[in-house]
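Only one structure is covered here, and it is reproduced in the block below.
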Amino acid sequence: MQIDKLNSILNSAEALILKQGIMSFKISELAKLAKCSNATLYSEFNNKEEIVYTLYLRATKNKVKRITNIVEMDGVSNKDKIIIISMLDIFQSFVKTLNLSILSNLPNNENLSITTKGSCVKEFYKLKEIYDKLWREAIDNKELLSTKEDVIALSYELIIYHKGVIEFINDYNLNKIGWNMTPEMFFEYIVKKINSLDWVDHSTIDYQSTCSLMHNELLTSSFHKTKNSNENVFESEMDI
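If you're matching positions, the sequence shown starts at 1 in the UniProt record's numbering and goes up one per residue.
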């Protein structure tokens, strides 16, 4: 299958999943949206599970690229890199991209086979290893004086918090009633928790600098202020 047609199918699947859920969309609807036949879809994918898993692999690849860009930033401390990575998915939630929902929820989806779940978990640990490396370097370089046990405990706490935040941001009912949330609210909490460890230098990157680095280094989203409000507005580019 041509790359353009494959991307068209995957992008159409993303749009349907955002509306209907990971395993609720219909092949016939996907074919119509992607402007191809059911036969064309089945020539590339055996079932919906393969489509979703392909999206998961694409999302993982993109996220590894983003995190690697963060890790390779010059003149940014390991602590600030950890903060930026911790905010990455939260920023993506506010621009309503599908990558986040797949990465967060797919390994736990009860409709997937054990084999697919195992493959998803394996890909997830590739991401975790990059993140964990920053913590190890901070300790080895004497930037962070806390014990390994304290670091693991905080890292686990941030993971739980992070998953809760993602569910909260994407909650349809809260968004429907106009719940007022901004990424800066979550940024301040994450910075506070990370700074609770025993760092040699307690200064941290500020919110606007984090937004700027997200835009300039990763080229995933634009962040700016509206003229008549302090509310942050996000403009997302398609992530292919």
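Backbone N, C-alpha and C fix where the C-beta goes; we use that ideal spot for every residue, glycine too.
Around the beta carbon of Asn46, fewer than 16 other beta carbons lie within 10 angstroms, which makes this residue exposed. If you compare the alpha carbons of Val191, Val64, Asp201, Glu143 with that of Ile84, the shortest gap goes to Val191. Trp199 is bridged by DSSP to Leu144. It is roughly 22 Å from the alpha-carbon of Gln2 to the alpha-carbon of Thr60. Taking a C-beta distance under 8 Å as the contact criterion, Leu134 and Asp198 do not qualify as a contact pair. When C-beta atoms of the stretch 147–160 are compared with those of the stretch 63–79, fewer than three pairs fall below 8 Å, so the two segments do not count as touching.
Taking Tyr161 as reference, the option from Lys117, Ser37, Asn109, Asp89 with the minimal CA-CA separation is Asp89. The criterion of a C-beta distance shorter than 8 Å is satisfied by Lys142 and Val200. Classified as exposed, Ala153 has fewer than 16 neighbouring CB atoms from the shown chains inside 10 Å of its CB. Annotated three-state conformation of Gln2 is coil, per DSSP. The C-beta separation of Thr116 from Glu188 comes to about 37 Å, leaving the pair out of contact by the 8 Å criterion. Where Met185 is concerned, the enclosing alpha helix (DSSP H) starts and stops at 183–194. If you check the CB distance, Ile205 and Asp80 come in under 8 Å.
With a 10 Å radius around the Cβ and a threshold of 16 neighbouring Cβ atoms, Lys63 comes out buried. Lys5 and Ile159 have their alpha carbons spaced roughly 36 Å apart. Rounded to the nearest whole angstrom, the C-alpha separation of Ile82 and Met214 is 13 Å. Boundaries of the alpha helix (DSSP H) harbouring Thr68: 48–71, taken from the DSSP string.
Glu157 sits in a helix when the DSSP states are folded into three classes. Shortest Cα-Cα distance from Phe124 to any of Leu57, Ser12, Asn195 involves Leu57.
About 19 Å separates the CB atoms of Ser93 and Ile194; that is not less than 8 Å, and the two are not in contact. Counting along the chain, Ile83 sits inside the alpha helix (DSSP H) bounded by residues 78–94. At a Cβ-Cβ threshold of 8 Å, Leu10 and Leu55 count as neighbours.
Distance from the CA atom of Ser28 to the CA atom of Leu16, rounded to whole angstroms, is 11 Å.
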